[in-house]
Amino acid sequence: MPVRIALLNLTQQIDQVLAQLSEEEYCRPIPEFDYHSLGQHFRHILEFFQCLQQGAAAGVVDYSARPRNALYESQPFLTRQAFEEAVRSLALLDPEQPVAVRAELGTEEQPHYDSTLGRELVYAFEHAIHHLAIIRIGLNCRFPHVYTEHTLGVAPATLKARQQPANVS
Numbered sequence: 001m002p003v004r005i006a007l008l009n010l011t012q013q014i015d016q017v018l019a020q021l022s023e024e025e026y027c028r029p030i031p032e033f034d035y036h037s038l039g040q041h042f043r044h045i046l047e048f049f050q051c052l053q054q055g056a057a058a059g060v061v062d063y064s065a066r067p068r069n070a071l072y073e074s075q076p077f078l079t080r081q082a083f084e085e086a087v088r089s090l091a092l093l094d095p096e097q098p099v100a101v102r103a104e105l106g107t108e109e110q111p112h113y114d115s116t117l118g119r120e121l122v123y124a125f126e127h128a129i130h131h132l133a134i135i136r137i138g139l140n141c142r143f144p145h146v147y148t149e150h151t152l153g154v155a156p157a158t159l160k161a162r163q164q165p166a167n168v169s
């Protein structure tokens, strides 16, 4: 499956979750998240997508240069719209287009690494899966009324492995 379709499917799952949360639930600090909210995690995923959009145009992707827009932490409806826009834009990118990725490694030096938009789309997808796994834990602990698909926050390779017979050595 092309990464564009995987991102679209992922965004549909995100939309399904966001549609079920009230603003209060979306913003509520969750003890299991060290008192961060679901909204903060959704904002984080979204801003990685947006950094990739901007980096595609500029030729340099910098995931550390996120605006950390508090509106995306507090307004699930606005966040839903922003995800839709971001994924629509990402679907138009040429996966073969070369880009540089700026790395923030905690040192003064900020190296750039060669990549492609296709590789960065895969990275954004995998990064989102990771955060959706965390979000799913928060939903299960604090908002059990929110329906989630069994695949939310589970990597495709894990889903595939679960379908295989256990390998006992």
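If you count by the numbering used here, then the sequence shown holds residues 1 to 169, one letter each, in order.
Even glycine gets a Cβ: it sits at the ideal position worked out from N, Cα and C.
In this text, all values refer to a predicted model and were calculated from it rather than measured experimentally.
First and last residue of the uninterrupted beta strand (DSSP E) at Y147: Residue 147 sits at position 147 when you count from the first residue of the sequence shown. Taken as a continuous stretch (DSSP letters only), Y147 belongs to no beta strand (DSSP E), as it is neither H nor E.
Starting from the C-beta of A6, find all residues in its chain whose C-beta is less than 7 Å away, skip the five residues before and the five after it, and write them out in chain order. To locate residue 6, count along the sequence shown from 1; it is residue 6. So the qualifying residues of the chain are F125.
Is the region 18-31 touching the region 45-56, taking contact as three or more C-beta pairs under 8 Å? no
Coil, strand or helix - D114 by DSSP: Position 114 of the sequence shown, counted from the start, is the residue given in the question as residue 114. Strand at D114.
For Q81 and L90, the rounded distance between their alpha carbons: Here the question's residue 90 lines up with position 90 in the sequence shown. Here the question's residue 81 lines up with position 81 in the sequence shown. If you take the alpha carbons of L90 and Q81, they lie about 14 Å apart.
Would you list, in sequence order, the uninterrupted beta strand (DSSP E) runs of no fewer than 3 residues that lie entirely inside the region 52-126? 98-102 and 112-116
Starting from the Cα of I30, find the closest Cα among T158, A166, L152 and N140 and give me that residue. Here residue 30 refers to the residue found at position 30 of the sequence shown. Considering only alpha carbons, the answer is N140.
Who does H36 pair with in a DSSP beta bridge? Taking the sequence shown and counting its residues from 1, the one referred to as residue 36 is at position 36. I30.
Quick check on this structure: which residue in P2, I14 and L10 has the alpha carbon closest to the alpha carbon of V146? Here residue 146 refers to the residue found at position 146 of the sequence shown. It is I14.
By Cβ distance below 7 Å, which residues in the same chain neighbour A70 in space, the five residues on each side in sequence not counted? To locate residue 70, count along the sequence shown from 1; it is residue 70. Counting only Cβ-Cβ distances below 7 Å, and skipping sequence neighbours, we find nothing.
Would P111 be called buried (16 or more neighbouring beta carbons within 10 Å of its own) or exposed? Within the sequence shown, numbered from 1, the residue matching residue 111 stands at position 111. Exposed: under 16 other Cβ atoms inside 10 Å.
Hey, would you say V60 sits closer than 9 Å to R102, going by beta carbons? Here residue 60 refers to the residue found at position 60 when the sequence shown is read from its first residue. Here residue 102 refers to the residue found at position 102 when the sequence shown is read from its first residue. Closer than 9 Å, so yes.
Can you say whether A58 is buried or exposed, counting buried as having 16 or more other CB atoms within 10 angstroms of its CB? Here residue 58 refers to the residue found at position 58 when the sequence shown is read from its first residue. With fewer than 16 other Cβ atoms within 10 Å, it is exposed.
Using a Cβ-Cβ cutoff of less than 6 Å, which residues in the same chain neighbour P98 once the five nearest sequence positions on both sides are dropped? Stepping through the sequence shown from its first residue, residue 98 is reached at position 98. So the qualifying residues of the chain are T116.
Quick one, are the C-beta atoms of Y241 and R43 less than 9 Å apart? There is simply no residue 241 to check, as the chain begins at 1 and stops at 169 in what is shown.
Residue closest to D62, alpha-carbon to alpha-carbon, out of E104, G39, Q12 and A157: Walking along the sequence shown from the start, residue 62 turns up at place 62. Among E104, G39, Q12 and A157, the Cα nearest to that of D62 is on E104.
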